[in-house]
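S.K.: Quick note, the sequence shown lines up with residues 1 to 489 if you use UniProt numbering.
Think of the CB as a built atom: it goes at the ideal place given N, C-alpha and C, for glycine as much as any other residue.
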Amino acid sequence: MSSGEDIVFFIEFKGETRKVSIEKDALTLDAIFDLANEKFEGVPNDTETLILEIKDKEFDVNHRLEDPTEVSVGSIVRVKIKGDESAELKKELEKMKKKLEELEERKMEEEKLGGQSKETSQEKVKDTQQRKRERDEEASDAAEESKADKKQKTTDVSKDDDRDRKEKDRKRHEYSKHSKESKYDLTGRYVIRMRGLPWSVRQSDIEDFFKGMDVKRDGILIEINSQGRPSGNAYVSFDTKDGHAKALERHKDNLGKRYVEIFDSSEAEATAVVDRMQGKGSAHKSTGRVSKDSYVLRLRGVPFSSDLRDIEAFMEKAHPEGIHIIYDSNGRPSGEAYVELGSEKDQRRGMEMHRKHLGSRYIEVFESSVIELERALERGNGGGRDRGQWGSSSSSGLPCVRMRGLPYSSTEHDIVEFFRKAGITPMRTHLKHRSGHAYVEFASEKEVRDALKLDRENMGSRYVELFEAPYSELVNAISGSGGGGGRGG
Numbered sequence: 001m002s003s004g005e006d007i008v009f010f011i012e013f014k015g016e017t018r019k020v021s022i023e024k025d026a027l028t029l030d031a032i033f034d035l036a037n038e039k040f041e042g043v044p045n046d047t048e049t050l051i052l053e054i055k056d057k058e059f060d061v062n063h064r065l066e067d068p069t070e071v072s073v074g075s076i077v078r079v080k081i082k083g084d085e086s087a088e089l090k091k092e093l094e095k096m097k098k099k100l101e102e103l104e105e106r107k108m109e110e111e112k113l114g115g116q117s118k119e120t121s122q123e124k125v126k127d128t129q130q131r132k133r134e135r136d137e138e139a140s141d142a143a144e145e146s147k148a149d150k151k152q153k154t155t156d157v158s159k160d161d162d163r164d165r166k167e168k169d170r171k172r173h174e175y176s177k178h179s180k181e182s183k184y185d186l187t188g189r190y191v192i193r194m195r196g197l198p199w200s201v202r203q204s205d206i207e208d209f210f211k212g213m214d215v216k217r218d219g220i221l222i223e224i225n226s227q228g229r230p231s232g233n234a235y236v237s238f239d240t241k242d243g244h245a246k247a248l249e250r251h252k253d254n255l256g257k258r259y260v261e262i263f264d265s266s267e268a269e270a271t272a273v274v275d276r277m278q279g280k281g282s283a284h285k286s287t288g289r290v291s292k293d294s295y296v297l298r299l300r301g302v303p304f305s306s307d308l309r310d311i312e313a314f315m316e317k318a319h320p321e322g323i324h325i326i327y328d329s330n331g332r333p334s335g336e337a338y339v340e341l342g343s344e345k346d347q348r349r350g351m352e353m354h355r356k357h358l359g360s361r362y363i364e365v366f367e368s369s370v371i372e373l374e375r376a377l378e379r380g381n382g383g384g385r386d387r388g389q390w391g392s393s394s395s396s397g398l399p400c401v402r403m404r405g406l407p408y409s410s411t412e413h414d415i416v417e418f419f420r421k422a423g424i425t426p427m428r429t430h431l432k433h434r435s436g437h438a439y440v441e442f443a444s445e446k447e448v449r450d451a452l453k454l455d456r457e458n459m460g461s462r463y464v465e466l467f468e469a470p471y472s473e474l475v476n477a478i479s480g481s482g483g484g485g486g487r488g489g
């Protein structure tokens, strides 16, 4: 079970120190790399090029950090680049070489003294000893200055944190104001989604990245999350099919110092994000109000690019009277939709579409109810959540899987995509943002077994651990009394 306890420690990189805080159960080596990347400029994305070091409390010796449990409150974790380590070693070797040369010179001086008078010899020895004392005094003074500098740096850490916090608050206000006042043109068929953008990215950076690819005027949306911060995602609309195709070819190319992932998207997905950011409407698309007399079907596995017209055409022979596409808390399609029908006969016709294809994906169709539909819409209308809260708290007691080691930038959308590799679609996802944890509900025990086959598969650059979890654990996690600790963990 997750204790929910935060651990506060320090990260040092190239002589600078920053204070960080993270939930204790979410503390992994990858999480420390992510925090370093977030706090410092110039930290490479490739963790293979980085080394973490920590001082052993018992023996007071610096050593390589391989077990995150060694990090405790107040620890200092040093992040080093492997190339820099070689440079430091080279400096040490040069110092040793210089000392050896000095010893050799001293030996030659002493040999020369052998042919001179004893008095002269003693004077020269005294002179050599005096020079040595002067060098020792200079080294001692330098050590004292270094100690004073370190003390001053420690004092400056809290001041830096205050300045950083004020600067982030100012930027957050600017981002939020800009997102509400800006106009976007994300219409048409040629839309892409970018993931993994630097937090400091500007519209002009994205324009340069796609230069010569027919980006629409006002066709760039930098997504802002519910806390008013850049999420690392953006949507871009293109005027031409050729420009759209060239943009997709830039998948995993670098923008600044970070590589960016690029995915095909849709007008519906991008527009939903705009609506959420600008506070317009709910997190679902619908053809109208829910009728209390409706017969309802739930569709699962709906392509993220599908719109209301696609679903209406798919269910045409069942004569749909209302269609509701459900979006997650970040304004992206969840893969679920609900269809209202006028009679039991139409509901049976709709059930005949079970496992039929919509586009390239087969759709699962289940009997549902007006109550379940209304709950789904309420869940979609919940808006943004504060950092640290669990998403999609409404639940139905289905078989569960616990996920551990998720990238901090993960969304419910990413989780749904992850499980598509096993040919299954979650019924519900419960993501605790920036914790590395999530709970996922499936329709059956068989789907849970299929899901567990993805244990230690990668999501982005990190592998994810999967554990079967009892429903009671999910309830406790959502209610705030714990979470984590599923079977096998």
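Tell me, which residues are paired with Glu441 by DSSP?
M.R.: For Glu441, which the question treats as bridged, DSSP gives the partners Cys400 and Arg428.
S.K.: Using the Cβ count rule (16 or more neighbours within 10 Å means buried), how would you classify Pro470?
M.R.: Exposed, since its Cβ has fewer than 16 Cβ neighbours within 10 Å.
S.K.: Below 7 Å CB to CB, which residues in the same chain sit around Asp34 once its five sequence neighbours on both sides are set aside?
M.R.: Excluding positions up to five away in sequence, the list reads Tyr408.
S.K.: Whole angstroms is fine: what's the gap from His413's alpha carbon to Leu65's?
M.R.: His413 and Leu65: Cα-Cα distance of roughly 33 Å.
S.K.: Closest to Leu466 by C-alpha separation, out of Glu473, Val475, Arg456 and Gly460, would be which residue?
M.R.: Considering only alpha carbons, the answer is Arg456.
S.K.: By DSSP, does Val236 sit in helix, in strand, or in coil?
M.R.: Strand, per DSSP.
S.K.: Have a look at the DSSP bridge pairing and note the partners of Met108.
M.R.: Beta-bridge pairing links Met108 to no other residue.
S.K.: If contact is defined by three or more beta carbon pairs under 8 Å, each pair taking one atom from either stretch, is the segment 189-205 in contact with the segment 221-240?
M.R.: Cβ pair count under 8 Å is three or more, so yes.
S.K.: Between the beta-carbon of Leu406 and the beta-carbon of Met459, is there less than 8 Å?
M.R.: Yes, Cβ-Cβ distance for Leu406 and Met459 is below 8 Å.
S.K.: Using only alpha-carbon positions, find the residue among Ile51, Lys80 and Lys183 that is nearest to Glu16.
M.R.: Comparing Cα-Cα distances from Glu16 to each of Ile51, Lys80 and Lys183, the minimum goes to Lys80.
S.K.: Determine the direct distance from the alpha carbon of His251 to that of Glu372, and round the result to whole angstroms.
M.R.: Distance between the alpha carbons of Glu372 and His251: 39 Å.
S.K.: Three-state secondary structure (DSSP) at Leu466?
M.R.: Looking at Leu466 - three-state DSSP - the assignment turns out to be strand.
S.K.: Can you pull the DSSP bridge partners for Lys356?
M.R.: For Lys356, which the question treats as bridged, DSSP gives the partners Ile363.
S.K.: Alpha helix (DSSP H) containing Asn37: first to last residue?
M.R.: Looking at the DSSP string, the run of the alpha helix (DSSP H) that includes Asn37 is Leu29 to Lys39.
S.K.: Whose CA, out of Glu207, Gly212, Asp214 and Lys211, lies closest to the CA of Ile222?
M.R.: Considering only alpha carbons, the answer is Glu207.
S.K.: Unbroken beta strand (DSSP E) runs of length 3 or more, entirely within the UniProt domain "RRM" (190-267): which are they?
M.R.: As far as the UniProt domain "RRM" (190-267) is concerned, its whole beta strand (DSSP E) runs of at least 3 residues are 191-195, 215-224, 230-238, 253-255 and 258-264.
S.K.: Should Met353 be labelled buried (16 or more other beta-carbon atoms within 10 Å of its own) or exposed?
M.R.: Its Cβ being crowded by 16 or more others within 10 Å, Met353 is buried.
S.K.: Would you call the segment 267-277 in contact with the segment 337-346, where contact means no fewer than 3 C-beta pairs closer than 8 Å?
M.R.: Taking 8 Å as the limit for Cβ pairs, the verdict is that the segment 337-346 does not touch the segment 267-277.
S.K.: For Tyr338, which of helix, strand or coil comes out of DSSP?
M.R.: Correct three-state label for Tyr338: strand.
S.K.: Would you check if there are 3 or more beta carbon pairs closer than 8 Å linking the segment 253-263 to the segment 44-57?
M.R.: Yes: the two stretches touch, three or more of their Cβ pairs being nearer than 8 Å.
S.K.: What residue from Glu5, Glu104, Glu101 and Ile51 has the CA that sits closest to Ser72's CA?
M.R.: Selected option, being the one with the closest Cα: Glu5.
S.K.: Let me confirm a value: Val8 is counted as buried when at least 16 other C-beta atoms fall within 10 Å, else exposed. Which label applies?
M.R.: Exposed is the call here.
S.K.: Kindly indicate if chain B contains any beta-carbon less than 8 Å away from that of Val440.
M.R.: Absent here is chain B; the protein component of the structure consists of one chain.
S.K.: Which residue's Cα is closest to the Cα of Arg404: His357, Lys432, Pro426 and Gly423?
M.R.: Considering only alpha carbons, the answer is Lys432.
S.K.: Spatial neighbours of Phe40 within its chain, please: C-beta separation below 8 Å, excluding the five flanking residues on both sides.
M.R.: Answer for Phe40: Ile11, Phe13, Lys14, Glu16, Arg18 and Val79, listed in chain order.
S.K.: For Glu48, collect the residues of the same chain with a Cβ closer than 6 Å to its Cβ; drop the 5 residues on either side in sequence, then sort them by chain order.
M.R.: Result list for Glu48: empty, nothing under 6 Å.
S.K.: Please work out which residues of its chain come closer than 6 Å, Cβ to Cβ, to Lys55, disregarding the five sequence neighbours upstream and downstream, and give them in chain order.
M.R.: Answer for Lys55: Asn62, listed in chain order.
S.K.: Give the range of the alpha helix (DSSP H) segment to which Arg348 is assigned.
M.R.: First-last of the alpha helix (DSSP H) with Arg348: Glu344 to Met351.
S.K.: From the DSSP output, which residues share a beta bridge with Leu50?
M.R.: BP columns for Leu50 point to Ile81.
S.K.: Apply the 10 Å Cβ neighbour rule to Arg355 and answer buried if 16 or more other Cβ atoms are within range, or exposed otherwise.
M.R.: Label assigned to Arg355: exposed.
S.K.: Give the single residue among Ile51, Ser435, Asp307 and Asp239 whose Cα lies nearest to the Cα of Lys211.
M.R.: With distances taken between Cα atoms, Lys211 lies closest to Asp239.
S.K.: What are the partner residues of Asp6, as DSSP defines its beta bridges?
M.R.: According to DSSP, which records beta bridges pairwise, Asp6 is partnered with Glu23.
S.K.: What does Glu457 pair with, by DSSP beta-bridge criteria?
M.R.: Looking at the DSSP assignment, Glu457 forms a beta bridge with Val464.
S.K.: If distances are taken between C-alpha atoms only, which option among Asp253, Asp205, Tyr184 and Glu249 comes closest to Ser237?
M.R.: It is Tyr184.
S.K.: Just how far apart, CA to CA, sit Leu474 and Pro333?
M.R.: Their Cα atoms are separated by approximately 23 Å.
S.K.: Taking all protein chains shown into account, do 16 or more other C-beta atoms lie within 10 angstroms of the C-beta of Asp25, making it buried, or fewer, making it exposed?
M.R.: Its Cβ being crowded by 16 or more others within 10 Å, Asp25 is buried.
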